[in-house]
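Numbering (the working numbering), first residue to last: 56 to 298.
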């Protein structure tokens, strides 16, 4: 029997607010170095209908997320994550590269992450912008591993951990992370209606609760093209609250 490379799906939730870099993002994914072509699936949770048609015109598979008009944004995002998860599992993929649609990793990201042979391993990237720019990885363990209470994976950082090596993180965002299907079978993306935590926070928490380590290759830097964040970011985050 001839060897076949792992079957990989690249996917994430998205919305029309990220269309400013959608074409560039799809083109970047198409440049990934890999023995076989990887599939791209985007779960569209835009306010208005029809954006999935634009995403398909770029060469990505896309499906609109079903949500009620009064669904909070965090619920819609979570449904988008789980639609991507569903596509990865039902499509028989070995791995999901969960890649947010404004994050641009280098073209060898797949082969470098796969080489570590870890069930959950991501690249390093920054969040926020201007003077608020900071790495998303939390390398220093909190004294009390409580459930997420903040809207973002952020907190105590050990910048010395960014030494170009593979490191185990206390938490890392899911903006650029390779997840094996065994993890997807075990953990569903979620949120808590009484808290502000995004799926990133809960995913890292659920991994820790099950004793599954989360790794980050600090030699891989993925550029976060969120230059327009301040135009809509404050309003967006203000709508995330569910109470």
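Ideal placement from N, C-alpha and C gives every residue a C-beta, glycine not left out.
**Item:** Simplified DSSP state of residue 178, which is helix, strand or coil
**Value:** As a first step, residue 178 must be located in the chain shown, where it is residue number 123. It is a strand residue.
- In angstroms, rounded to a whole number, what distance separates the CA positions of residue 97 and residue 57? Start at 1 with the first residue of the chain shown, and residue 97 comes out as number 42. Start at 1 with the first residue of the chain shown, and residue 57 comes out as number 2. Distance between the alpha carbons of residue 97 and residue 57: 31 Å.
Open item on the list: Helix, strand or coil, according to DSSP, for residue 67 in the structure here?
Closed with: Here residue 67 is taken as the residue at index 12 of the chain shown, counted from 1. Reduced to three states, the DSSP call for residue 67 is strand.
Query raised in the report: Apart from the five residues on each side of it in sequence, which residues of its chain come closer than 6 Å, Cβ to Cβ, to residue 157?
Result: Position 102 of the chain shown, counted from the first residue, corresponds to residue 157. Excluding sequence neighbours, residue 157 sits near 73, 76, 280, 281.
**Item:** Straight-line Cα distance separating residue 225 from residue 263
**Value:** Counting from one through the chain shown, the residue named residue 263 turns up at place 208. Counting from one through the chain shown, the residue named residue 225 turns up at place 170. Spanning the two alpha carbons is a distance of roughly 8 Å.
Worksheet item: Could you give the distance in angstroms between the alpha-carbon of residue 250 and the alpha-carbon of residue 257?
Response: Counted from its first residue, the chain shown places residue 250 at position 195. Counted from its first residue, the chain shown places residue 257 at position 202. Roughly 11 Å separates the two Cα atoms.
Here's a check: name, in chain order, each residue in its chain whose Cβ is nearer than 7 Å to the Cβ of residue 131, leaving out the five neighbours to either side. For the purposes of this step, residue 131 is identified with residue 76 of the chain shown, where counting begins at 1. Here the set comprises 100, 120, 122.
Does the region 222–240 touch the region 150–170, meaning 3 or more C-beta pairs lie closer than 8 Å? yes
- Message: With a threshold of 8 Å on Cβ separation, who are the neighbours of residue 102 within its own chain once the five nearest residues in sequence on each side are excluded?
- Response: Reading the chain shown from its first residue, position 47 is the one you call residue 102. Answer for residue 102: 70, 71, listed in chain order.
Please classify residue 86: does DSSP put it in a helix, a strand, or coil? In the chain shown, the residue the question calls residue 86 occupies position 31. Coil.
Sub-8 Å separation of residue 66 and residue 139 beta-carbons: Residue 66 sits at position 11 when you count from the first residue of the chain shown. Residue 139 sits at position 84 when you count from the first residue of the chain shown. In contact: residue 66 and residue 139 (Cβ atoms closer than 8 Å).
Discussion item. By the three-class DSSP mapping on this structure, what secondary structure does residue 149 have?
Written reply: In the chain shown, counting from the first residue as 1, residue 149 sits at position 94. Residue 149 falls in the coil class under three-state DSSP.
> At a cut of 8 Å, does the region 77–97 reach the region 106–120 through at least three beta carbon pairs?
Replying inline: yes
request  = Report all residues from its chain with a CB closer than 7 Å to the CB of residue 59; omit the five preceding and five following residues, and keep chain order.
outcome  = As a first step, residue 59 must be located in the chain shown, where it is residue number 4. Answer for residue 59: no residue qualifies.
Note to self: Here's the rule I'm using: 16 or more other beta-carbon atoms within 10 Å means buried, otherwise exposed. How should residue 63 be labelled?
What the structure shows: Here residue 63 is taken as the residue at index 8 of the chain shown, counted from 1. It counts as buried.
Practice problem: Would you grab the beta carbon distance between residue 240 and residue 151 for me? Rounded to a whole angstrom, and I think it's under 8 Å. | Solution: Taking the chain shown and counting its residues from 1, the one referred to as residue 240 is at position 185. Taking the chain shown and counting its residues from 1, the one referred to as residue 151 is at position 96. That belief does not hold up - the Cβ atoms of residue 240 and residue 151 are roughly 11 Å apart, past 8 Å.
Report task. Give the secondary structure of residue 57 by DSSP, where H, G and I count as helix, E and B as strand, and everything else as coil. Result -> Position 2 of the chain shown, counted from the first residue, corresponds to residue 57. Coil.
TODO: Measure from the C-beta of residue 109 to each C-beta in chain B and report whether the shortest distance is under 8 Å.
DONE: Judged by its chain identifiers, the structure shown contains no chain B, having just a single protein chain.
Would DSSP call residue 217 helix, strand or coil?
Position 162 of the chain shown, counting from 1, holds the residue named residue 217. Residue state, collapsed to three classes: coil.
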